[in-house]
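Enquirer: In my numbering, the protein residues as written are 20 to 192.
Structure below; questions to follow.
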């Protein structure tokens, strides 16, 4: 089976009885489209691969060392292929953590857009969610990046239902 959930009619545990959040709908309606949209999905940042490199690396985003938990989140996120998305909850389940902790780690991701494509992580109801710690305008950057990679959204910021299972990734190693 491919790394994305096959659209066979089988319902993934991640999509069972998901309803749209009224709060998400209000957030998207209140978001402001920025004058410039960053849809870059090609820039590759240097990513420390060895344990010793990870211990000495300082985040360009925070000026602080990247934590072991953040690296675990980034290593999971790195597995999401182009044209697919995952959720904060799916990564949290894989790590034995919580979705908010995953979102917090991704909001500090200094390795975006590649090799850590945090723009490919959405909320459990397939809503665009925040991006770079912002829910007011940078979500349009996230949406543009995903659309450039082949993920389609409706006018409320949700992945189109016909793509939710076929483009969802949860096969973390």
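The C-beta atom is built at its ideal place from N, Cα and C for all residues, glycine as well.
1. Using CA coordinates, which residue listed in 129, 89 and 101 is at the minimum distance from residue 118?
2. Would DSSP call residue 75 helix, strand or coil?
3. Does the beta-carbon of residue 25 have 16 or more other beta-carbons within 10 angstroms, so that it is buried, or is it exposed?
4. Could you give the C-beta distance for residue 142 and residue 107, rounded to a whole number, given that I count them as a contact under 8 Å?
5. Assuming residue 140 and residue 110 form a contact by the criterion Cβ under 8 Å, report the distance between their Cβ atoms to the nearest whole angstrom.
6. Thinking C-beta only, is residue 53 closer than 7 Å to residue 156?
7. What's the call for residue 63, buried or exposed, on a 16-neighbour Cβ count within 10 Å?
8. Between the alpha carbons of residue 96 and residue 71, how many angstroms are there, rounded?
9. Please state whether the Cβ-Cβ distance between residue 184 and residue 103 is less than 7 Å.
10. Please report the straight-line C-alpha distance between residue 149 and residue 173, rounded to a whole angstrom.
11. Go through its chain and collect everything with a Cβ distance to residue 39's Cβ below 8 Å, but skip five positions before and after it.
12. Alpha carbon to alpha carbon, what distance is there between residue 112 and residue 57?
13. Check whether the Cβ atoms of residue 60 and residue 167 lie closer than 7 Å to each other.
14. What residue ranges within the stretch 90-175 form continuous alpha helix (DSSP H) runs of no fewer than 4 residues, ordered along the chain?
15. Could you tell me the boundaries of the alpha helix (DSSP H) in which residue 44 lies?
16. In chain order, what residues of the same chain lie with their CB nearer than 6 Å to the CB of residue 101, ignoring the 5 residues before and after it?
17. Grab me the residues of residue 121's own chain with a C-beta within less than 6 Å of its C-beta, minus the 5 sequence neighbours each way, in chain order.
18. Let me know if residue 181 comes out buried or exposed under the rule of 16 or more other beta-carbons within 10 Å of its beta-carbon.
Expert: In short, the structure shows the following:
1. For the residues 129, 89 and 101, the minimum Cα distance to residue 118 belongs to 89.
2. Helix at residue 75.
3. Bear in mind that the predicted position of residue 25 carries a pLDDT of just 38, short of 50, making it unreliable; the figure below should be weighed with that in mind. By the neighbour-count criterion, in which 16 or more other beta carbons inside 10 Å mark a residue as buried, residue 25 falls on the exposed side.
4. Contact between residue 142 and residue 107 holds: CB atoms are separated by about 7 Å, below the 8 Å threshold.
5. Between residue 140 and residue 110, the beta carbon gap of about 7 Å places them in contact (Cβ cut-off 8 Å).
6. Closer than 7 Å, so yes.
7. Result: exposed.
8. C-alpha separation (whole angstroms): 21 Å.
9. For residue 184 and residue 103, no; Cβs fall outside 7 Å.
10. In a straight line, the C-alpha of residue 149 is about 16 Å away from that of residue 173.
11. Excluding sequence positions up to five before and after residue 39, its CB lies within less than 8 Å of the CB of 144, 146, 175 and 177, all in the same chain and listed in chain order.
12. The straight-line gap from Cα to Cα measures roughly 30 Å.
13. Taking 7 Å as the Cβ cut-off, residue 60 and residue 167 qualify as a contacting pair.
14. The qualifying runs are 107-114, 118-126 and 158-167.
15. Residue 44 -> alpha helix (DSSP H) spans 41-49.
16. Cβ-Cβ distances below 6 Å link residue 101 to 168 in the same chain, with the five nearest sequence neighbours on each side left out; the list follows chain order.
17. Contacts found: 92, 107, 110 and 111.
18. Under a 10 Å Cβ-count criterion, residue 181 is classified as exposed, with fewer than 16 other Cβ atoms of the shown protein chains found around its own Cβ.
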